[in-house]
Amino acid sequence: EAGVTQFPSHSVIEKGQTVTLRCDPISGHDNLYWYRRVMGKEIKFLLHFVKESKQDESGMPNNRFLAERTGGTYSTLKVQPAELEDSGVYFCASSQERGREHEQFFGPGTRLTVL
Amino acid sequence: GNSVTQMEGPVTLSEEAFLTINCTYTATGYPSLFWYVQYPGEGLQLLLKATKADDKGSNKGFEATYRKETTSFHLEKGSVQVSDSAVYFCALRGGGAQKLVFGQGTRLTINP
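Residue numbers (the numbering used here), protein chains in the order written: chain A, 482 to 596; chain B, 758 to 869.
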């Protein structure tokens, strides 16, 4: 069974440009999460989808970030326009069900560098 | 709000040394506690977890005990190997939310 995949693995863009990150969750997982780690600090939650609906977007930093999950399958996270402080590693995770016992499986991350 | 504090790294040990990485948390209610590991070039992997007080999670020789009285979940291993070199993250999930709250990560390097 394929794990969570993310594309691209690395992205280098200039300030003001747009970047779109993609996450493909494990097949059949209704829950999809985005997290990011900035400057070697703690990993912070961005948002949570249940199928195509945003369940919790309390971690989205500002309106330059737009996440979508059309059809409840893969998800995209667009940053427009990108700023220097957006540099970091963006992780996607998925889980089959919610609750205390259900593990979130993480992808390898996308390293974003904004110059 | 919920938060996790783990010991700052980097930590460098010799092979077969004893390892402790401290983790304490602040949370309302009864969170579930986790240790995740990120090996070089790879994504986060769940290493172990505990869902209630006094539970001990264990995997690959690593152990951590959920201590509610001290709000701690310290990671231990009796004899580390070079292959344990990685970044370790302590995390919690609680308050009815599904999101994980992570500590800042501890980079561990094991020298032969």
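Heads up, the beta-carbon is just placed ideally off N, CA and C, and yes, glycines get one too. Fair warning: this is a prediction, and the values are worked out from it, not measured in the lab.
Whole-angstrom C-beta distance between residue j and residue i, which should lie under 8 Å
i              : j              : result
Y782 (chain B) : V768 (chain B) : Incorrect: roughly 20 Å between the Cβ atoms, too far for contact.
E765 (chain B) : N868 (chain B) : Not confirmed; about 19 Å, so no contact.
L801 (chain B) : F572 (chain A) : 7 Å
G540 (chain A) : L528 (chain A) : 6 Å
A784 (chain B) : G860 (chain B) : A784 (chain B) to G860 (chain B), Cβ: 13 Å. No contact.
L857 (chain B) : W792 (chain B) : Not confirmed; about 12 Å, so no contact.
T591 (chain A) : S492 (chain A) : 6 Å
P542 (chain A) : T499 (chain A) : Not quite, the Cβ-Cβ distance comes to about 16 Å (not below 8 Å), so this is no contact.
L513 (chain A) : F488 (chain A) : Their Cβ separation, rounded to whole angstroms, is 15 Å, which puts L513 (chain A) and F488 (chain A) out of contact at 8 Å.
Below-8 Å beta-carbon distance, residue i vs any chain B residue
i              : result
K532 (chain A) : no
G588 (chain A) : yes
K537 (chain A) : It should be pointed out that residue 537 (chain A) corresponds to Asp in this sequence rather than to Lys. With 8 Å as the cut-off, D537 (chain A) counts as an interface residue toward chain B.
F572 (chain A) : yes
Within chain B, partners of residue i - CB distance below 9 Å
i              : result
N512 (chain A) : Q855
H529 (chain A) : A854, Q855 and K856
Cross-chain neighbours of residue i in chain B, by beta carbon under 8 Å
i              : result
F526 (chain A) : K856, L857 and V858
Residue i vs residue j beta-carbon contact at 8 Å
i              : j              : result
A843 (chain B) : Y823 (chain B) : no
V595 (chain A) : K496 (chain A) : yes
F556 (chain A) : L593 (chain A) : It is worth fixing the name first, because residue 556 (chain A) is Ser in this sequence and not Phe. Contact: no.
R518 (chain A) : V570 (chain A) : yes
K806 (chain B) : S829 (chain B) : no
V870 (chain B) : L770 (chain B) : The question about residue 870 (chain B) has no answer, for chain B in this structure spans 758 to 869.
T827 (chain B) : Q763 (chain B) : no
Min CB distance residue i to chain A below 8 Å
i              : result
E826 (chain B) : no
G800 (chain B) : yes
F830 (chain B) : no
F846 (chain B) : yes
Proximal chain A residues relative to residue i, where beta-carbon distance stays under 7 Å
i              : result
G786 (chain B) : Neighbours of G786 (chain B) on chain A: none; closest Cβ ~11 Å, over 7 Å.
Q861 (chain B) : K522 and E523
Interface residues of chain B facing residue i [CB-CB closer than 7 Å]
i              : result
E584 (chain A) : L803
- Query: Could you give the uninterrupted runs of the beta strand (DSSP E) lying entirely in the region 496-565 of chain A, keeping only those of 3 residues or more?
  - Reply: The qualifying runs are 500-505, 512-518, 524-531, 534-537, 546-549 and 556-560.
- Query: Along the chain, which unbroken stretches of the beta strand (DSSP E) at least 3 residues long are found entirely within the region 777-857 of chain B?
  - Reply: Taking only runs of at least 3 residues, the beta strand (DSSP E) segments lying wholly in the region 777-857 of chain B are 780-783, 789-795, 801-807, 813-816, 819-822, 832-834 and 843-850.
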